[in-house]
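Letter by letter, the sequence shown follows residues -21 to -1, 1 to 117 in mature numbering (1 follows the signal peptide of the UniProt record, and there is no 0). Quick reminder that beta carbons are idealized off the backbone N, C-alpha and C, glycines included. Nothing here was measured: the structure is a model prediction, and the numbers come from that model.
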Amino acid sequence: RRRRKMPAMMGLCWSLPRVCATFADFVMGSAVDGGNLKTIPVLFAYCPGGSSTRNAEHLFAIRSTSFRPWDYGPKGNLAHYNTSIVPPEYNLTNVRVPVALYYGETDRLASTKGMKAQVKALPNVFKASIVPGFNHID
């Protein structure tokens, strides 16, 4: 019977929960609900749960520029998108389904400014709602 190894971040966060909470607050918004540091090791046990470092890198890239697919560099972009400098912007006018957007008031990964831009860019938004006190973790 194999023993499951404890993820490195979980071990660190059991020992230094305040350090992990500060990191999570900086990246995603307030991570400690009511100051309960006991939730931090559990949170980091599942990081990046359902995602990847490449996905995180792309998220930060589109926050600093515009809403585009992955940037492979000039040669890679030419091969993937038939463009040589930067990937093309997503054409959100092609989204035909009705869209409801909910976003957290304190979310640092999906900012209010960015979400308002998405509301304007998407043609079929029937609801856009900011959730007070919520962030990316919630």
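DSSP places isoleucine 64 in no alpha helix (DSSP H); its state is neither H nor E. For glycine 52 and leucine 38, the gap between their C-alpha atoms comes out near 16 Å. Distance between phenylalanine 105 and alanine 24, taken at the CA atoms: about 36 Å. Boundaries of the beta strand (DSSP E) around leucine 80: 78 to 83.
Listed as beta-bridge partners of isoleucine 109 by DSSP are Tyr82. The beta-bridge partner set that DSSP reports for valine 104 consists of Val78.
Here DSSP, grouped into helix, strand and coil, assigns leucine 88 to coil. Cβ-Cβ distances below 8 Å link serine 45 to Glu68 in the same chain, with the five nearest sequence neighbours on each side left out; the list follows chain order. For the 8 Å CB-CB criterion, leucine 80 and valine 98 form a contact. With a cutoff of 8 Å on beta-carbon distance, asparagine 114 and glycine 93 are scored as not near each other. Counting C-beta atoms within 10 angstroms of its own C-beta, asparagine 56 has 16 or more neighbours from the protein chains shown and is therefore classed as buried.
By the 16-neighbour rule on beta-carbons within 10 angstroms, isoleucine 19 is buried. Put simply, of Lys17, Met7, Arg47 the residue whose alpha carbon is nearest the alpha carbon of proline -5 is Lys17. When DSSP states are grouped into helix, strand and coil, phenylalanine 46 belongs to the coil group.
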